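2 protein chains.
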Amino acid sequence: MDLIKIYECFCDQTRLRLLNVLSQGPLCVCHFQTVLAEPQVKISKHLAYLRARGLVECERQGNWVIYELPAKPSRELVANLACLRDCAQEDPVFKRDFARLKKIEPACAWVRAGEPENAPGQCRC
Amino acid sequence: MDLIKIYECFCDQTRLRLLNVLSQGPLCVCHFQTVLAEPQVKISKHLAYLRARGLVECERQGNWVIYELPAKPSRELVANLACLRDCAQEDPVFKRDFARLKKIEPACAWVRAGEPENAPGQCRC
DNA sequence: AAACCATATGCTTATTACGGAATATCAATC
DNA sequence: GATTGATATTCCGTAATAAGCATATGGTTT
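Top line first, the protein sequences correspond to chains A and B. Take the first sequence: its position 21, counted from the start at 1, is 21 in my numbering, and no numbers get skipped. Take the second sequence: its position 35, counted from the start at 1, is 35 in my numbering, and no numbers get skipped.
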C-alpha cells in the first residue's frame, strides 16, 4: 500500500510546506530556507525524507541541488497533491510561503528556466 | 494547521482501513474486528487514536459502542476522505474489507437502521 | 592545495508510535 | 451480587520521528 508513504510524508508541517511550495515548480535548497524561514538542517533532512519515499526528486548542479516533484508521479500522489493544494488555499502559513516565494522569484528564475549557466556565483537569497 | 491531524490518522494502514470501512456507514467495534480480522486491542486503540483527533465519533448503546464519521466534518476531512476513497478503489486490502463487510451486513443492520432495540443479546459476527 | 560555498550526514535527546499481554471498566443478565 | 460479554486502558518493549549541534561531503574558485 503506497498510500501510506504519501501520508507519512504529509503528516509533518515542514514537509507539507515544502511540497506546497514545490507545486509551483523546482527550487534549490537555499530557496527553501528563505521561503520557509527554517534552518538548513531542517530543510535538508525533510527533503531527504521526502526523497527516500519518492515524493521528490533531485539533481545536482554545481554547488546547488535542485529539488522537484517526480517527473512521473503515481496516480495517488497526483490526487493527494491536488487535494492538498485545495485544502491549503486559505491557510495563513501556506499563503505566507507563497508570498515569500514570489519575492525571491527573480533570484531563482534560472532554476525554473533550467539554465544552470545563469546560476549566480553565490546564493542571492 | 488541522490538516496535520488528518494525515497523522491517515498514515497507518489499520486506520486507513477503519476509515474506509466507516465511509459505508456506522459500525460497532466487534464488526470492525470481523471485517479487518485484527485483534480487539488493535482495533480499539486505533479507534481511540482517531477519536482523539476528531476523525470519528462514538456513542455507547448498551454493551456496544457505535463508531461513525463526524456528523459535521471539516472541509479538509471531506476532501481527504473523498481522495482516499478514490485512491483505495482498486487496492486488494480495501476490497477484501468491503467484501467481508457485505457478508456481515445482516448482522449489523440494526446499527445502520439506528435500532438499538434490535441489537442481539450476543455478538453475531 | 587551500579556502569557500551549498548541502548532507552523524550523533544525541526527547517525544511519539505500534503491538501484544494482562487487566480494568461498563452494561446486561442470571 | 456474581457472571458474562463488549470495549477500554495500562504496562511493557521496540522502533520511528523531530530537532539541533557539530562535522563531513562535493563542487568551485583562487
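Every residue, glycine too, gets a C-beta built ideally from N, C-alpha and C. What you are looking at is a predicted structure, and each value in this text was computed from that prediction instead of being measured.
Expressed to the nearest angstrom, what Euclidean distance is found between the alpha-carbon atoms of residue i and residue j?
i        : j        : result
Asn63/B  : Cys125/B : 15 Å
Gly114/B : Asp12/B  : 30 Å
Pro116/A : Tyr67/B  : 55 Å
Leu69/B  : Lys42/B  : 19 Å
Arg17/B  : Pro73/A  : 24 Å
Lys103/B : Leu47/A  : 44 Å
Ser44/A  : Pro120/B : 57 Å
For residue i, count neighbouring C-beta atoms within 10 Å of its own C-beta (all shown protein chains included) and say buried if the count is 16 or more, exposed if not.
i        : result
Asp97/A  : buried
Arg15/B  : buried
Arg60/A  : exposed
Arg75/B  : exposed
Asn118/A : exposed
Mapping DSSP to helix, strand and coil, what is residue i?
i        : result
Glu68/B  : strand
Ser108/A : For clarity, residue 108/A is Cys in the given sequence; the question names Ser instead. In this structure, Cys108/A counts as helix in the three-state DSSP scheme.
Cys126/A : Nothing can be reported for residue 126/A: it is not among the residues displayed for chain A, which extend from 1 to 125.
Leu3/B   : helix
Gln24/B  : coil
Gln33/B  : helix
Arg53/B  : coil
Cys83/A  : helix
Glu59/B  : strand
Ala119/B : coil
Pro39/B  : coil
Taking three-plus beta-carbon pairs below 8 Å as touching, is the region 88-102 of chain A in contact with the region 17-24 of chain B?
-> Segments in contact, no.
Three or more C-beta pairs below 8 Å linking the region 30-43 of chain B and the region 104-121 of chain B | The region 30-43 of chain B is in contact with the region 104-121 of chain B.
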